[in-house]
Structures are given as C-alpha cells and as structure tokens.
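Asker:
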Amino acid sequence: MEYVELLRARRSLSWHLGILAILTLGALYLAHEALLHVHGSGASHGPVQLSWLTWFATVFAAIYASSAGTSLNRENATRDISWTKPAPRTLVALRFVLIDVAAVIVVFAATFLLETLVLVSLQVTPVLDSAFGEMLELGLGASLMWYALIQVLTCRFGPGARSIGGILWPVALTIDGLAQVPGVVGSLAMAVDVVNPLAYVGSSFGSSSGARATLNFVPADVRALAVWLFAVLFCAVAVTIWPRKEA
Amino acid sequence: MPAIFTVDPRSGVPLYLQLIEQIKRAIALGTLAPGEQLPTVKALALELTVNPNTVARVYRELERDAVIDTSPGRGSFVRTDGAGHEARRAVADVARTAFEGAVREAKSLGLSRKETHELMARTIARWYETENDA
Amino acid sequence: MNAPLISITGLTKRYGSFTAVDDVSLDVAAGSICGLLGPNGAGKTTTFKCLLGFAKTSAGTIAIEGAPLSPATFETVAYVPERATLYDNLTIAEHLTVYRRSYKHYDDARARELLALFDLDPRQRAEKLSKGMRTAVALTLAFSIRPRVLILDEPSSGLDPIHQRHVLDLMIDAAANGAAVLFSSHQVGQVERAADSVAIMNKGRLIVNSVIDELKTGEKIIEAVFAGPIPNLNGLANDPNILRIEQVGSTLRAVTREDSDAIAQRIFALHPRSIRTIDLNLEEIFMNAVSRDQA
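If you read the protein sequences in the order shown, they are chains A, B and C. Residues 1156 to 1402, numbered by this note's numbering, are exactly what the first sequence covers, in order. Residues 457 to 590, numbered by this note's numbering, are exactly what the second sequence covers, in order. Residues 11 to 305, numbered by this note's numbering, are exactly what the third sequence covers, in order.
1. Please compile the residues from chain B whose C-beta is within a distance smaller than 8 Å of the C-beta of Val235/C.
2. Please list the terminal residues of the continuous alpha helix (DSSP H) segment that includes Glu1387/A.
3. Which of helix, strand or coil does DSSP assign to Asn219/C?
4. Flag Glu85/C as yes if its beta-carbon sits less than 8 Å from any beta-carbon of chain A, otherwise no.
5. Spell out whether any CB of chain C is found under 8 Å from the CB atom of Glu1401/A.
6. In whole angstroms, what separates the C-alpha of Ala190/C from that of Val265/C?
7. Run through DSSP, which three-state label would Ile460/B get?
8. Rounding to the nearest angstrom, what Cα-Cα distance links Pro465/B and Glu137/C in this structure?
9. Would you mind telling me which residues of chain C sit closer than 7 Å to Ala1248/A, beta carbon to beta carbon, in chain order?
10. Return the chain-ordered list of same chain residues with a C-beta closer than 7 Å to the C-beta of Ser1169/A, the five sequence neighbours on each side being excluded.
11. List the residues that DSSP assigns as beta-bridge partners of Ser532/B.
12. What residue from Glu1157/A, Asp1235/A, Ala1258/A has the CA that sits closest to Leu1172/A's CA?
13. Does the segment 1285 to 1304 of chain A come close enough to the segment 1373 to 1386 of chain A to have 3 or more Cβ pairs within less than 8 Å?
14. Looking only at C-alpha atoms, which of Ala562/B, Arg544/B, Leu504/B sits nearest to Leu471/B?
15. In chain order, what residues of the same chain have a beta carbon less than 7 Å from the beta carbon of Arg156/C, not counting five sequence neighbours either side?
16. Compile a chain-ordered list of the residues in the segment 39 to 71 of chain C whose CB is closer than 8 Å to at least one CB of chain A.
17. Thinking Ile524/B and Leu494/B are a contact (beta carbons under 8 Å), I'd like their distance in whole angstroms, please.
18. Is the CB of Ala501/B under 8 Å away from at least one CB in chain C?
19. Residue range of the beta strand (DSSP E) that Tyr25/C falls in?
20. If you count every other CB in all the chains shown that lies within 10 Å of the CB of Gly1320/A, and 16 or more means buried, which is it?
21. With distance defined between alpha-carbon atoms, name the residue in Asp98/C, Ile295/C, Ala247/C, Leu162/C nearest to Glu1160/A.
22. Pull up the DSSP beta-bridge partners for Asn212/C, would you.
23. Under 8 Å Cβ-Cβ, which residues of chain C neighbour Pro1241/A?
24. Determine the DSSP secondary structure at Asp289/C, reduced to helix, strand or coil.
25. Which residues does DSSP list as the beta-bridge partners of Arg582/B?
26. For Ile172/C and Gly51/C, I'd like the C-alpha separation in whole angstroms.
27. Flag this pair as yes or no: are the beta carbons of Phe236/C and Arg283/C separated by less than 8 Å?
28. Can a CB atom of chain C be found closer than 8 Å to the CB of Lys498/B?
29. Pick out whichever of Val31/C, Thr71/C, Phe58/C, Tyr25/C has its Cα sitting closest to the Cα of Ile18/C.
30. Please report the straight-line C-alpha distance between Thr1225/A and Gly1313/A, rounded to a whole angstrom.
31. Considering only the alpha carbon of each residue, which of Ala581/B, Glu561/B, Arg582/B lies closest to Thr572/B?
32. How would you label Phe128/C, buried or exposed, when you count the other beta carbons within 10 angstroms and need 16 or more for buried?
33. Does the beta-carbon of Asp1325/A have 16 or more other beta-carbons within 10 angstroms, so that it is buried, or is it exposed?
34. In this structure, does DSSP put Arg1367/A in helix, strand or coil?
35. Just to confirm, are Lys153/C and Arg120/C a CB contact at a threshold of 8 Å?
36. Can you grab the Cα-Cα spacing for the pair Ala186/C / Ala40/C, in whole Å?
Listed below in structure tokens is the structure:
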C-alpha cells in the first residue's frame, strides 16, 4: 500500500472524525438540554427511519471525499518519487484510490453510528424501514461518486486545481438547479447532470422541502446502482489517465 | 601508505598522467619502497576523489612500464627489481621538460644566451650549495 | 563488466515546433561515470526526463540495463532531480519508510549512515529543510537502494563543499562497485575529477561525447610568438586538426583538436621566437566547444 497516502488519510481522518466527535458531543449536550425542558410535556419523539440517518452520513462522507479526491493531484508534485518506483504507475494510482475509498467508507460508517448514538441517547428508536437498503446504497455510492468525480477532474493538473474540490459544491448545485429550467439551457444542464452526484440524491432527500427532483423520474434502485457505476468508472479513468501526464 | 598524492583537475594535464608521474617520483625518491603494496583501485579512487577507471588506467600503465606488479587477488606491489631505474628515468623526463620550459620562457622573454646561462648557474648554485653532490 | 547500462540512441524530443533534444546518442557502461555538461536550456534535464519515462520521446530508443524501461527496471535505478522532490509534510524518517516499502534492495543501515554523513536529523519534516538538505535527503534515498544505475541532475546544488565532496565519493564508490552513473553539473571541476567521460550538450545537440583523458590529450593551444609580424601561414589554417587560429600582434595561437605535436612542428617551421604548448582543462574545453557551436 502507498505509505504516503496512508499517512495522509490517517491525518485527514483524524481531523474529520475529530470534528465529527465534537459535533456529536455538542448535539448530545444540546439534545439532553432540550430533553430536560420538554420532559413531562408528554411529547415524545416518534421513531426515526434509519434511511434518514444516511443523509447526514452522505453529506459528511462527501465533505471528506472533497479533500481526498485531490490525492492524485497532490501526488503530481512528487511524481519524481512515485513514477520512479518499481511498480506500474497505474497500480500506484489504484492503491491511492483504494485507500481513499476505504477512508470515505469509514467516515460514512462513523457518522452513521454516531448519529444513531445521539438518537438513542435521546430515547428515540431508529426503525429499519424498507427504503433503508436503497438509501444506504445511494448515499454511500453518491459520496464515492463525488470522490471519483473530483479525482478524475483534478488528477492531471497542477496544484491550482486543488480548489476544484471546494468549488464543485456550488457548481454542482447550480447545474442541478439549471436542469429544472425549460429550454436549451435546461437540456444542456440536464445532460451534464448525468454525471452530477447531487442530481441522484437530491430527489430522494429533502423532497418535502421542495428540493430538486431532477432525476426523480429514474427509479430509486437504478439511481442507487448508477452512482456506484459512475464511481467505479471515474476511478478507472483517473487511474488510467494519471500516468499519462507529461512531465 | 606513507606517500600522499594529489591531483589537480584544473591543470590541463590528464589526471592519469599526473598520478603516474607522482607515483614514479615517489618510487624514485624512495617514499614508495620496493615491494610495498599500493592501495586497491577503489581505495585510491576514493582517497583522491577521482574516477576508478583513472586509477585502473594508472595501474595498467605502471605495470606496462614494469614499475609495479599486479597479481589478481593479492594486489599491486612496487617491483623489487628495476622499478627504481624506470622511475628515475621518468623523473629525469619530468626534469628535462621543466628545464626546456624554463629555457624557452627565458628566450621568449628576450634573455640572451649568456644571460640565460648566468641565471641558470646562479640558480643551481643557490639550490645545491648545501649539498656536496655534483 | 563494460556493457552499457545506460544506452541512449538517436533521442529526439520536440515540443511543438521547438526541438529540446536533437538526435542525442550516449552510452554509459557499468563502472563508468559520465558527466553531462551544457549551458542552461541545453536540453540536459529533458534528456533525463526522456530517459526515465517522464516524457514521451519523439524519436530514438532508450535502454537501461539492456532493456526498455519497465517498472521492474526501477528496482535498481535511482534518480535525483534538479530540485529534489520530497513529501513536504513527511519527516525524513517517514521518507525512509516509503522507500523501505517500495524497494527490494533498500538498505536501512546504509540510509542511516548517509543521513549521518550529511548531518541530517531523521525527525525533521521535509518542508523545514533548506535546498541543500533536501538534495542531501534525495541523495540518501537514492543511494540507499543500492542502485546499479544512477541518474543525477545537478546533485551538488545547494550543498556545502564538504558535502559536495561526499557526493563525489558516493558516485565513485558506486562506480567502483559496478554501477553506471550519469550526472549533470555546472561544476566542471567536479566532472573533471569524478567522471571518466564527458558529454557536452548545446541547444539540444550533443557537441562533445568523449573520454575526458582523450579530450585533454587532444585539445591544446599552441602559442607562438614571432620576432616581427606573423608570417604567411601557408594554408596552415586549413589543417583539419586546427579548430581555430587567433592572431594578436606578434602572437599566434592555434587551438588543436588532435595531433598537436605535428601542428607544433609546422608552426615551428615558420621560425617563431618562442613556441609553447598549453594544456587545456575541462572548463576551457567546455567553453571552447560551446562558443564554437554558437558560431
């Protein structure tokens, strides 16, 4: 395994999970305060569907994915080392990707578990609903697709491209929003939206708050599969084109 | 080894020639004794910070000139027979070249034959005054 | 023992209409050290990049240890680029770990020895190191894998003279153990000591490729001073072994390529007042070669 990427992932994970832990503690504290106040009011929270918990896990995992997605781009600065190793360059890139993917999954799982912890401590029962499996697949797949999209967009460029990870959020939101617009603009945006992870999840999450329903016409199970396929595709492309960059 | 060699990469003379001359001089003067072992090619190259092939070439030429003997596995040794003779001959060559250079220089500076001769006699007198050799 | 470990044949690299490397052929045998000299922009770094597969060649072939470049080749090939590349937020010790995990022949004892030689503290982070120290780390890593082929781009840059001498010693030691070393340098004196052959590049072309001793034996200046004005040279200037003739006042200078004795005889026949042969060191030979090429 690529030691340097292991070190980077470890450091990054520590940060993200640390922040997550602080958020959790904060949430626990606030929630208990609230509980104390409403205790005895007779209002008890109903059971929460587990599939809803995947929403925050997806978001947090995607946040992690935004920074991990520039790992190959970062490695371009030290190509002199990684390209002169006795291992095929594609394999080196693949090892980077595998470490990152594992880390994204760790963040997803950790967020999910901590959310569950917070709810349980609020004496709210999480309920396994029928949509859970699909939402889990869609959510995790979408955050991996997010990672892979950033990887494929940045792996061939220099350090300036690192900001793509941050810019991609508003860009993705904008394109997804434009896809609603009728006419040529809308159609073009819709075409681009095919590779936009937000288009796949936006319709499942927050539909009641009037959020986008861009790809809602596509059945949920197909969407769930599509994000994984795109994630794998983008990773494969990134791993293949990264060694081709001319020095 | 007691003898110390230096090479000057800045001089136009190829390093291997400089080294050959210095080793022959050491033998002629006795700082390198007959039968004494020379360092390995690698050791001398590292000590002088010169290319190993340069040292290898030096040893080859010294062997060709019958100044040293190299036996594989044992090393390189100053020959006990005749090495001194060859070395002295080489040293004489060096001296002759130096003389030619000095005389040429004097002539191109415009010194007459008589002036050059006087200069040389005075110099010899100064350098040989403390010794009893001719 | 003398099969070429590095073999470059007809290497050409073009970037659009600009030719950075033009038909360069160069061999470095096992146990040999080749110094690559040239003004900035001559194409030395591009040649290295092509050699290591960082850039695709426009023409020509490259063989290392007798075969085209493959990932397995890098097991015994070490490269130190001009600006030593390191992982900025890793410590020196962590760099050693990266190499230990990547290379079969990595020798940790050797690495520690070299760190001590260059006065490096393994706990230091790479981003805190000066340029010279970064070069020293890169060299440590390179030599720790016990390479058979060493490609070094300005390995002395930023190092103090003592450490520079260590670098030369490391190269000499590697060559004495059978490695092939190709290094570029602006320090001609270093090339003169440590290298046995020299390649000089200018504007992408290889203008000199020779064993250093032969170069120094051949290229000389014959200086003759005449009593009056310089006589007619009788076609002396057409001698193919004369690279250039300068006439200043009563002084004639002929730069010879080979066979300087024969040329000296010819000049002697013109009855100069004095005549001498001046040996050239590598720096002078280098500058002559480049200025000849510019003309």
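For each residue, glycine too, the CB sits at the ideal point set by N, CA and C. Just so we're clear, the structure is a prediction, and the values are computed from it rather than from any experiment.
Answerer: Taking the coordinates as given:
1. Result: Ser564.
2. The displayed chain sequence assigns Val, not Glu, to residue 1387/A. 1375 to 1396 is the span of the alpha helix (DSSP H), which, as asked, contains Val1387/A.
3. The answer is strand: DSSP assigns Asn219/C an E or B state.
4. Yes, Glu85/C counts as interfacial toward chain A.
5. So, interface residue.
6. Using only the alpha carbons, I get a separation of about 33 Å.
7. Reduced to three states, the DSSP call for Ile460/B is coil.
8. Each residue's Cα considered, the two are about 37 Å apart.
9. Ala1248/A does not reach chain C, its nearest Cβ partner there being about 13 Å away, counting only Cβ pairs nearer than 7 Å.
10. Here the set comprises nothing.
11. Under DSSP, Ser532/B shares a beta bridge with Leu494/B, Thr526/B.
12. Proximity to Leu1172/A across Glu1157/A, Asp1235/A, Ala1258/A peaks at Ala1258/A, based on C-alpha coordinates.
13. With a cut-off of 8 Å, the segment 1373 to 1386 of chain A and the segment 1285 to 1304 of chain A count as touching, because enough Cβ pairs lie within range.
14. It is Leu504/B whose Cα lies nearest to the Cα of Leu471/B.
15. Here the set comprises His115, Asp117.
16. Shown in chain order are the members of the segment 39 to 71 of chain C whose Cβ falls below 8 Å from a Cβ of chain A: Lys59, Leu62, Gly63, Phe64, Ala65, Lys66.
17. Indeed they touch by this definition, with Cβ atoms about 7 Å apart.
18. Among the residues facing chain C, Ala501/B is included, as its CB has a counterpart in that chain under 8 Å away.
19. From DSSP, the beta strand (DSSP E) with Tyr25/C extends over 14 to 25.
20. By the beta-carbon neighbour count (other beta carbons within 10 angstroms, threshold 16), Gly1320/A is buried.
21. The shortest C-alpha separation from Glu1160/A is found at Asp98/C.
22. In DSSP, Asn212/C forms a bridge with Arg215/C.
23. Going along chain C in sequence order, the residues near Pro1241/A (Cβ under 8 Å) are Pro81, Ala82, Thr83, Phe84, Glu85, Ser112, Tyr113, Lys114.
24. Looking at Asp289/C - three-state DSSP - the assignment turns out to be strand.
25. Beta-bridge pairing links Arg582/B to no other residue.
26. In a straight line, the C-alpha of Ile172/C is about 28 Å away from that of Gly51/C.
27. In contact: Phe236/C and Arg283/C (Cβ atoms closer than 8 Å).
28. Cβ-Cβ to chain C under 8 Å: yes for Lys498/B.
29. From the listed residues Val31/C, Thr71/C, Phe58/C, Tyr25/C, the smallest Cα separation to Ile18/C is found for Thr71/C.
30. One alpha carbon belongs to Thr1225/A, the other to Gly1313/A, and they sit about 10 Å apart.
31. The candidate whose alpha carbon is nearest that of Thr572/B is Glu561/B.
32. Answer is buried; the Cβ neighbour count reaches 16.
33. Sequence check: residue 1325/A is Pro here, not Asp. Result: exposed.
34. Per-residue confidence for Arg1367/A stands at a pLDDT of 49, beneath the threshold of 50, marking its modelled position as unreliable; the derived number appears in the next sentence. If DSSP states are grouped into helix, strand and coil, Arg1367/A belongs with coil.
35. Before going further, note that residue 153/C is Phe rather than Lys in the sequence given. Annotated as proximal: Phe153/C and Arg120/C, with beta-carbon spacing under 8 Å.
36. Approximately 9 Å between the Cα atoms of the pair.
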